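A.B. asks:
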Amino acid sequence: GEDVEQSLFLSVREGDSSVINCTYTDSSSTYLYWYKQEPGAGLQLLTYIFSNMDMKQDQRLTVLLNKKDKHLSLRIADTQTGDSAIYFCAERGRYGQNFVFGPGTRLSVLP
Amino acid sequence: GAVVSQHPSWVICKSGTSVKIECRSLDFQATTMFWYRQFPKQSLMLMATSNEGSKATYEQGVEKDKFLINHASLTLSTLTVTSAHPEDSSFYICSARDRTYLQETQYFGPGTRLLVL
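Each protein sequence line maps, in turn, to chains U and Z.
For our numbering, count along the first sequence from 1 and bump the result up by 405.
For our numbering, count along the second sequence from 1 and bump the result up by 1176.
1. List the residues of chain U that Z/Q1282 touches, going by C-beta distances under 7 Å, in chain order.
2. Would you please verify whether the beta carbon of Z/S1259 is less than 7 Å from any beta carbon of chain U?
3. Figure out for me which residue from U/Q485, U/V505, U/S489, U/Y453 has the closest Cα to the Cα of Z/L1222.
4. As a quick exercise: from Z/K1217, Z/S1249, Z/C1199, pick the residue whose alpha carbon is nearest that of Z/C1270.
5. Quick one: is Z/S1219 near chain U, going by C-beta distance under 7 Å?
6. Which residues of chain Z have a Cβ atom closer than 8 Å to the Cβ of U/F493, listed in chain order?
7. Can you check whether the C-beta of U/L448 is within less than 7 Å of a C-beta belonging to chain Z?
8. So U/Y440 packs on U/D408, CB below 8 Å; how close in whole Å?
9. Starting from Z/R1289, follow the beta strand (DSSP E) in both directions and report where the run begins and ends.
10. Cβ of U/P508 less than 7 Å from any chain Z Cβ?
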């Protein structure tokens, strides 16, 4: 079945760049998403990328997609303490209605 | 961006009672909504897919008689946890699918934290 993997933890210093990685198995994925979850809150859509793209930039966020390796990454430039949260990668296959989520990466930003 | 609300945000109830959670899409129509459950420090687990005007589709291992889903309109889906027990205590999150000819995504509600005593 479909599977999405992420590393569970990442620590960076304030002002540095953060790179969160994700791998997925469904080669028919059409959209791939990054969501942010702050403590006790729901999920906030950060950005998404269509499978025929290899890069998308949105202000401090850069998404890179390597479709051949089924690898997705989210780069956060100039990471701030407010970026501390759990980041979920999710994919949606061509024929599925629902999303498949990764386990989430807990980003800690150190002062 | 699109907004999805959930009500209530917090609920504490006694074991054996039923709890209803509402999920609303506020500025778009959602023919499909999803209900997820999240245990502490874990990822989201899809419970069921709610389709407007038809029966919900439940994931394997989710009891449909315990978790009743009603998608009465294009902007409202409800999840009722019947005869709740302490093991049902969890964070329940709904999402609504927004589909246009350009793209498709899911917008999530803020979640409902259920504590069953």
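Beta carbons are placed, not taken as given, at the ideal position from N, Cα and C, and that holds for glycine.
Since the structure is predicted, the reported quantities are computational estimates derived from the model, not experimental observations.
C.D. replies: If we stick to the structure as given:
1. F504
2. no
3. Closest by C-alpha distance to Z/L1222, out of U/Q485, U/V505, U/S489, U/Y453, is U/V505.
4. Selected option, being the one with the closest Cα: Z/C1199.
5. It does; some Cβ of chain U falls within 7 Å.
6. Neighbours of U/F493 in chain Z, taken as residues whose beta carbon is under 8 Å from its own, are S1219, L1220 in chain order.
7. yes
8. U/Y440 to U/D408, Cβ: 17 Å. No contact.
9. 1288 to 1292
10. yes
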